[in-house]
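Engineer: Have a look at this one.
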Amino acid sequence: MSAKPDRQCPETLAEYAAGVLTEPERTAVDAHLSGCASCAATLAVWGAVAGATGPPVDAPPAPASVVPAALARAALAPQPRPVGKRPVGFVWQLLRVELRLVRPSVWLASLVVMVCAAALALSGGSGAGATVLSLVAPLVAVAGVAGVYGPERDPAFEALAVTVTSPRLVLLARVTLIFAYDLALAMAASAVVRVGAPHIGLVDLISGWLGPMTLLSALSLLLATSAGLTTSMTVAGSLWVLRVLTIGVPATADGWLAATMREVWATNLGTVTATLVLLVAVVVLSRRHLRPRGRWPRLNAG
Amino acid sequence: METGAEAMPVPDRLRWRSRGATSDAGDRPVPVADAVLLGRVADGDPAALAALYSRYGSRLLAFLERYAGDRMTAEEILQDTLLAVWRSAHLYARRSGVSTWLFGVARRQAHNRLRARSPELLPLDGVAAGWADPAPGPAEWALANLRAETIAEAFAALAPHHREVLALAFAARLRHQEIAEILGVPVGTVKSRLHHARASLGRALADRGYAEEVP
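So the protein sequences, as listed, match chains A and B.
Here the numbering used here is used: the first residue of the first sequence is 1, the next is one more, and so on.
Here the numbering used here is used: the first residue of the second sequence is 1, the next is one more, and so on.
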């Protein structure tokens, strides 16, 4: 006999076997089945499938046990706020929270180093103030910014890695805090030096450190988030030693390297542009790199 | 794909009735009250959630138990489902029936929980598997004479989308039109997926040594 059904055969045999047809539909199929052996055989197959995959016999748990359990879970695990809709004042809130998460030693160390620098600048001869500040202020900011985020330094790193707020946003919030703090410190130190040595212009003082500070911070931030804190500090430190040497060692002051260093570590359009480029790179690359490395198994690897 | 439906047209009389029965839901007395209940759930009424569970719990659990393969996982997913319903009842837009919506939620929860267990197999309705013959093949005739336990064993080893469609059709006992809405596919695809699932079941059983001559 042919396995192909003829054109009048109903296609509701599976639903018939499942027992979900309406009464008139059932009657129509029944009428057809009495005269069609092919459909009767097909129905027998569907019937066997229905018998094996039908509703299990155990009764479902009583509502009195299931529903309260689900509601308890709802109460215990509040629904995460949708990331797309942030409340007004979110940025302010984030900054305040992150303020508490930055280690106190970061604030203190920056302050101590800057006070020492200001003291050194004041005690030195004329012209020493600008040089000292231009050498110290960038280094203070770099140390703070590079170590502000990452598994090495952050006691809350594991918790932050699973929060709704993206790691990038946390990173930017912290860098903003640290950098603003160091900026304020350097400004205050400049003001103090200016008072102690009135012959130096305040603009000259500030432009001596502002450009190098932003550029070196941006570079070390990029390296810290992509290659790790050690690499970042090594590279930033080396560059800075190079600069210190070309200023401090008279024999090198006229070489091409010294000229380059003066050009690079200055406050001008070039350094501002370079800083912006580096910051964009930080934001773009942080999508890939701001993940915990090596410590935890990847959840999606299995 | 609609080839299954084209190859085996239903008499117009039948087609009309089956369509009418599912779209105006005149044969089911509860839809209006269901939507009202869901509205109360959205307003935070636990009693409404319990009432919805009383109505659909056993069918949801039947689907989940067949789909997930064991009772304990199914009950966990059922609880996930209730939690999701409690939280997202306000998102119900009356574009589908409450029952369809509930099964859609349950299905998503099942996917979430089962995804970790096995890699996702995408259904290839009629793409790689070819046309689904509505009439059983040689291997499938054997099904009719096998014990339910034997078939159930082979069923548990089927691809997820085959277990899913069979569980929706026979464990949850949903109309094909409803299954189509839940899965977001045309009703013809539901029918052909069912045929493929049945064929896979037949092949699995033949591989296990259960076969029978073509009658």
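Just so it is clear, CB atoms sit at the ideal spot from N, CA and C, and this is done for glycine as well.
Could you tell me the distance, in whole angstroms, from the CA atom of residue 185/A to the CA atom of residue 102/A?
Structural biologist: The residue given as residue 185/A occupies position 185 in the first sequence. The residue given as residue 102/A occupies position 102 in the first sequence. Rounded to the nearest angstrom, the two C-alpha atoms are 17 Å apart.
Engineer: Of all Cβ atoms in chain A, is any one closer than 9 Å to the Cβ of residue 109/B?
Structural biologist: Within the second sequence, residue 109/B is the residue found at index 109, counting from 1. It does not: the Cβ of residue 109/B has no partner Cβ on chain A nearer than 9 Å.
Engineer: Of the residues 56/B, 67/B and 202/B, which one's Cα is nearest the Cα of residue 216/B?
Structural biologist: Summary: the structure shown does not reach residue 216/B, with chain B confined to residues 1 through 215, and so no result is reported for it.
Engineer: Distance cutoff 9 Å, beta carbons only. Does residue 38/A sit that close to anything in chain B?
Structural biologist: As a position in the first sequence, residue 38/A is number 38, starting the count at 1. By this cut-off, residue 38/A is an interface position.
Engineer: Given that residue 141/B touches chain A, what residues does it touch there, using C-beta distances under 8 Å?
Structural biologist: Within the second sequence, numbered from 1, the residue matching residue 141/B stands at position 141. What residue 141/B touches in chain A: 41 and 45.
Engineer: Closer than 8 Å is the cut-off here; do at least three beta carbon pairs connect the stretch 135-155 of chain B with the stretch 183-190 of chain B?
Structural biologist: The stretch 135-155 of chain B, when compared against the stretch 183-190 of chain B, does not touch it at the 8 Å Cβ threshold.
Engineer: Whose C-beta lies closer than 6 Å to the C-beta of residue 174/B among residues of the same chain, with five residues either side of it excluded?
Structural biologist: Stepping through the second sequence from its first residue, residue 174/B is reached at position 174. 168.
Engineer: Any idea if residue 96/A is buried or exposed, counting beta-carbon neighbours within 10 angstroms, 16 or more meaning buried?
Structural biologist: Taking the first sequence and counting its residues from 1, one reaches residue 96/A at position 96. Exposed.
Engineer: For residue 58/B, which three-state DSSP category applies?
Structural biologist: Locating residue 58/B in the second sequence gives position 58, counting from the first residue. Reduced to three states, the DSSP call for residue 58/B is helix.
Engineer: My parser needs the alpha helix (DSSP H) runs of 4 or more residues fully inside the stretch 85-112 of chain A; what are they?
Structural biologist: Counting whole runs of 4 or more residues, the stretch 85-112 of chain A contains the alpha helix (DSSP H) stretches 90-101.
Engineer: What does residue 60/A touch in chain B if you count any residue whose Cβ is under 7 Å from its own?
Structural biologist: Position 60 of the first sequence holds residue 60/A. What residue 60/A touches in chain B: 57, 58 and 61.
Engineer: Compute the Euclidean distance between the alpha carbons of residue 218/A and residue 195/A, then round it to the nearest angstrom.
Structural biologist: In the first sequence, residue 218/A corresponds to position 218, counting from 1. In the first sequence, residue 195/A corresponds to position 195, counting from 1. Cα to Cα, the separation comes out at about 30 Å.
Engineer: Could you pull the start and end residues of the alpha helix (DSSP H) that residue 8/A belongs to?
Structural biologist: One-based indexing of the first sequence puts residue 8/A at position 8. That residue, residue 8/A, is in no alpha helix (DSSP H); it is neither H nor E in DSSP.
Engineer: Which stretch, first to last residue, makes up the alpha helix (DSSP H) that contains residue 22/A?
Structural biologist: For the purposes of this step, residue 22/A is taken as residue 22 along the first sequence, with counting starting at 1. Where residue 22/A is concerned, there is no enclosing alpha helix (DSSP H), given that its DSSP letter is neither H nor E.
Engineer: Can you name the residues of chain A whose CB is closer than 7 Å to the CB of residue 155/B?
Structural biologist: For this step, residue 155/B is matched to residue 155 along the second sequence. What residue 155/B touches in chain A: 52 and 53.
Engineer: Determine the direct distance from the alpha carbon of residue 153/B to that of residue 147/B, and round the result to whole angstroms.
Structural biologist: To locate residue 147/B, count along the second sequence from 1; it is residue 147. To locate residue 153/B, count along the second sequence from 1; it is residue 153. Those two C-alpha atoms are separated by around 10 Å.
Engineer: Would you say residue 164/B lies against chain A (beta-carbon separation less than 9 Å)?
Structural biologist: One-based indexing of the second sequence puts residue 164/B at position 164. Answer no: the Cβ-Cβ gap between residue 164/B and chain A never drops below 9 Å.
Engineer: Along the stretch 181-210 of chain B, where does the CB come closer than 9 Å to a CB of chain A? Name the residues.
Structural biologist: So the list reads 191, 194, 195, 197, 198, 201 and 202, given in the order they occur along the chain.
Engineer: Give me the Cα-Cα distance between residue 142/A and residue 93/A, rounded to the nearest whole angstrom.
Structural biologist: Here residue 142/A refers to the residue found at position 142 when the first sequence is read from its first residue. Here residue 93/A refers to the residue found at position 93 when the first sequence is read from its first residue. In a straight line, the C-alpha of residue 142/A is about 25 Å away from that of residue 93/A.
Engineer: Listed from N- to C-terminal order along the chain, which residues in the stretch 82-107 of chain B have their beta-carbon within a distance smaller than 7 Å of any beta-carbon of chain A?
Structural biologist: So the list reads 82, 83, 86 and 87, given in the order they occur along the chain.
Engineer: Our contact map puts residue 86/B next to residue 74/A with C-beta atoms below 8 Å; I'd like the distance itself, whole angstroms only.
Structural biologist: Here residue 86/B corresponds to residue number 86 of the second sequence, with the count starting at 1. Here residue 74/A corresponds to residue number 74 of the first sequence, with the count starting at 1. The Cβ separation is near 5 Å, so the contact holds.
Engineer: Does the beta-carbon of residue 97/B have 16 or more other beta-carbons within 10 angstroms, so that it is buried, or is it exposed?
Structural biologist: Indexing the second sequence from 1 puts residue 97/B at position 97. It is buried - the Cβ of residue 97/B has at least 16 other Cβ atoms within 10 Å.
Engineer: Using CA atoms only, rank isn't needed, just tell me which of 194/B, 150/B, 161/B and 183/B is closest to residue 208/B.
Structural biologist: Taking the first residue of the second sequence as position 1, residue 208/B is located at position 208. The residue with the shortest Cα to Cα distance from residue 208/B is 150/B.
Engineer: Consider the Cβ of residue 68/A: report whether some Cβ of chain B lies at a distance smaller than 9 Å.
Structural biologist: Start at 1 with the first residue of the first sequence, and residue 68/A comes out as number 68. Chain B, which has a Cβ nearer than 9 Å to the Cβ of residue 68/A, makes this yes.
Engineer: Does the distance from the CB of residue 95/B to the CB of residue 35/B come in under 9 Å?
Structural biologist: For the purposes of this step, residue 95/B is identified with residue 95 of the second sequence, where counting begins at 1. For the purposes of this step, residue 35/B is identified with residue 35 of the second sequence, where counting begins at 1. Cβ atoms of residue 95/B and residue 35/B: not closer than 9 Å.
Engineer: Which runs of the alpha helix (DSSP H), 4 residues or longer, sit entirely within the stretch 168-234 of chain A?
Structural biologist: Counting whole runs of 4 or more residues, the stretch 168-234 of chain A contains the alpha helix (DSSP H) stretches 202-227.
Engineer: Determine, using beta-carbon pairs with one atom in the stretch 236-246 of chain A and one in the stretch 170-189 of chain A, whether at least three such pairs fall under 8 Å.
Structural biologist: Short answer: they don't touch.
Engineer: Indicate whether at least one CB of chain A lies closer than 9 Å to the CB of residue 77/B.
Structural biologist: On the second sequence, position 77 is the one that residue 77/B refers to. Not one chain A Cβ lies under 9 Å of residue 77/B.
Engineer: Applying the criterion that 16 or more other CB atoms from any shown protein chain within 10 Å of the CB defines a buried residue, is residue 71/B buried or exposed?
Structural biologist: The count along the second sequence starts at 1 and reaches residue 71/B at position 71. Looking at its Cβ environment, which holds fewer than 16 other Cβ atoms inside 10 Å, residue 71/B is exposed.
Engineer: How should residue 50/B be labelled, buried or exposed, when 16 other C-beta atoms within 10 angstroms of its C-beta is the threshold for buried?
Structural biologist: Along the second sequence, one-based indexing puts residue 50/B at 50. It is buried - the Cβ of residue 50/B has at least 16 other Cβ atoms within 10 Å.
Engineer: Taking only beta carbons into account, state which residues of the stretch 101-119 of chain A come closer than 7 Å to chain B, listed in chain order.
Structural biologist: Cβ contacts with chain B: none found.
Engineer: Just to confirm the assignment, what range does the alpha helix (DSSP H) spanning residue 51/A have?
Structural biologist: Within the first sequence, residue 51/A is the residue found at index 51, counting from 1. Unbroken alpha helix (DSSP H) run through residue 51/A: 37-53.
Engineer: Quick one: which chain A residues come within Cβ less than 9 Å of residue 160/B?
Structural biologist: Position 160 of the second sequence, counted from the start, is the residue given in the question as residue 160/B. Going along chain A, no residue has its Cβ under 9 Å from residue 160/B, so there is no contact; the nearest lies around 14 Å.
Engineer: Please list the partners that residue 74/A has in chain B, where partner means a Cβ-to-Cβ separation under 8 Å.
Structural biologist: In the first sequence, residue 74/A corresponds to position 74, counting from 1. Correct list: 83, 86 and 87.
Engineer: Are the beta-carbon atoms belonging to residue 60/B and residue 73/B less than 9 Å from one another?
Structural biologist: Counting from one through the second sequence, the residue named residue 60/B turns up at place 60. Counting from one through the second sequence, the residue named residue 73/B turns up at place 73. Their beta carbons are not under 9 Å apart, which means residue 60/B does not touch residue 73/B by this criterion.
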